[in-house]
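Heads up: the structure comes next, in structure tokens.
Residue numbers (the working numbering): 34 to 388.
Written out as structure tokens, the structure is:
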């Protein structure tokens, strides 16, 4: 079919399939989730290749896709970060990002029944449980041994928690469900602002402070999407289900009035002077749609904003399929707008959720 006859979803999926993203940890994980959401044969085949590579390169510690990596690419924004941000980010390796790929690993376990996928997921799960935690049990985003600090990032709730819930379901492990909920609630305890109901980016335990405290769109998207995904799999009788449900609903209520008239949300969701941004918009659209499907959000209230968000981003999908206006890693106030594999993945996930 000629490119000009393809839908934005078809173009975005084709573009994502063409990208070389083996071994990019969480970026690969979100891309895999998007390809599986689009669901065409070519996309599933590409996702399987990425999953199989991640399993084949799982390190001795159980971390998928060559294990942790330094986020070297994040320092292209042209700004001076404060010293605590530099210490938290630049000198530490990700501990939990590779479990974003675990969702895809377990998807192929469901599809094939091959034990190698469940075995890889079990090793990734055990790896998460091995990390040194904050005093109240939070799993740090980075290895604290390298810099002597423990920090919680809102990114982690999406990297870890949907995987934990899906592993609990696949392995029949009730402790994994408990961990999925507990990590969201602990991260919310430290990162959620009591006045606005929005999530900050990073909290450092010692000394107690926020090196990145803005209400960043994708950060809030990580929290909303992770909560929806965990609620999908969490047993109805789980003792903390109501706590997570209340958190998810109140977070969505806080986000709703901040949507721009264009359908987008801003890169800092409470600051209309910051750019309109695609990845956070897509994640909110996804979370709203999943909440409606699960019967925990009101369709009359949330469906139109979700549809408007997806429609807005559809208008910035380029001819080749690149989803534009995505804040580059690690996001935050001055991140450049570009196209990224995770932006492609979220476009496909949001489109599937609203289909």
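The C-beta atom is built at its ideal place from N, Cα and C for all residues, glycine as well. None of the values given here were measured: they were computed from a predicted structure.
Going by alpha carbons, who is nearest to residue i out of the options?
i, options, result
"residue 133", "61, 281, 328", "61"
"residue 47", "380, 220, 386, 388", "380"
"residue 217", "238, 185, 91", "185"
"residue 155", "191, 208, 372", "208"
"residue 161", "329, 145, 200", "200"
"residue 96", "75, 131, 79", "131"
"residue 240", "331, 220, 182", "182"
"residue 317", "262, 272, 267", "262"
"residue 163", "225, 94, 234, 237", "94"
"residue 271", "75, 341, 215", "215"
"residue 258", "285, 92, 176, 341", "285"
"residue 89", "206, 157, 357", "157"
"residue 377", "339, 315, 323, 340", "315"
"residue 70", "206, 91, 45, 220", "45"
Would you decide whether residue i is buried or exposed? Buried here means 16 or more other CB atoms lie within 10 Å of its CB.
i, result
"residue 242", "exposed"
"residue 212", "buried"
"residue 118", "Since pLDDT at residue 118 reaches only 48, below the 50 mark, its modelled position is unreliable, and the value read off the structure follows with that caveat. It counts as buried."
"residue 228", "exposed"
"residue 283", "exposed"
"residue 306", "exposed"
"residue 387", "buried"
"residue 167", "buried"
"residue 348", "exposed"
"residue 101", "buried"
Which residues in the same chain as residue i place their Cβ atom closer than 7 Å to its Cβ, once the five residues preceding and following it in sequence are excluded?
i, result
"residue 110", "Residue placement at residue 110 cannot be trusted, given a pLDDT of 40 that sits under 50; the coordinates are not used to answer."
"residue 295", "309, 345"
"residue 264", "277, 278, 281, 327, 329"
"residue 81", "141"
"residue 384", "42, 343"
"residue 325", "332, 335, 336"
Roughly how many whole angstroms lie between the Cα atoms of residue i and residue j?
i, j, result
"residue 84", "residue 138", "6 Å"
"residue 170", "residue 304", "32 Å"
"residue 64", "residue 333", "30 Å"
"residue 290", "residue 152", "44 Å"
"residue 192", "residue 352", "30 Å"
"residue 67", "residue 350", "15 Å"
"residue 364", "residue 245", "10 Å"
"residue 355", "residue 165", "39 Å"
"residue 222", "residue 39", "45 Å"
"residue 148", "residue 203", "11 Å"
"residue 98", "residue 337", "38 Å"
"residue 361", "residue 371", "6 Å"
"residue 266", "residue 136", "12 Å"
"residue 114", "residue 298", "Here residue 114 scores only 42 on pLDDT, less than 50, and its place in the model should not be relied on; the value that follows carries that caveat. Residue 114 and residue 298: Cα-Cα distance of roughly 25 Å."
"residue 237", "residue 74", "44 Å"
Might you give, ordered along the chain, the residues of its own chain that have their beta carbon closer than 8 Å to the beta carbon of residue i, omitting 5 neighbours on each side?
i, result
"residue 302", "231, 248, 249, 250, 253, 288, 291, 313"
"residue 374", "49, 52, 54, 57, 60, 61, 63, 64"
Leaving out five residues before and five after residue i in sequence, what residues of the same chain have Cβ atoms less than 6 Å from its Cβ?
i, result
"residue 197", "209, 212, 213"
"residue 189", "129, 174"
"residue 150", "138, 141, 142"
"residue 233", "224, 243, 246"
"residue 256", "187, 190, 232"
Within 7 Å of any Cβ in chain D, is that where the Cβ of residue i sits?
i, result
"residue 204", "Structure shown: chain D not included; a single protein chain is present."
Complete alpha helix (DSSP H) runs within the stretch 230-280 (minimum length 4 residues, chain order):
For the stretch 230-280, the continuous alpha helix (DSSP H) assignments of 4+ residues that do not extend past its boundaries occur at 250-266, in sequence order.
Inset, instruction - Entirely within the stretch 197-224 and at least 4 residues each: give me those alpha helix (DSSP H) ranges in chain order. - result: As far as the stretch 197-224 is concerned, its whole alpha helix (DSSP H) runs of at least 4 residues are 207-224.
* To do: With a floor of 4 residues, list each alpha helix (DSSP H) that falls wholly inside the stretch 128-179, ordered by position along the chain.
  => 135-145, 148-162, all fully within the stretch 128-179.
*beta strand (DSSP E) runs contained entirely in the stretch 312-383, provided each spans 3 or more residues*: If we require 3 residues or more, the stretch 312-383 turns out to have no beta strand (DSSP E) run fully inside it.
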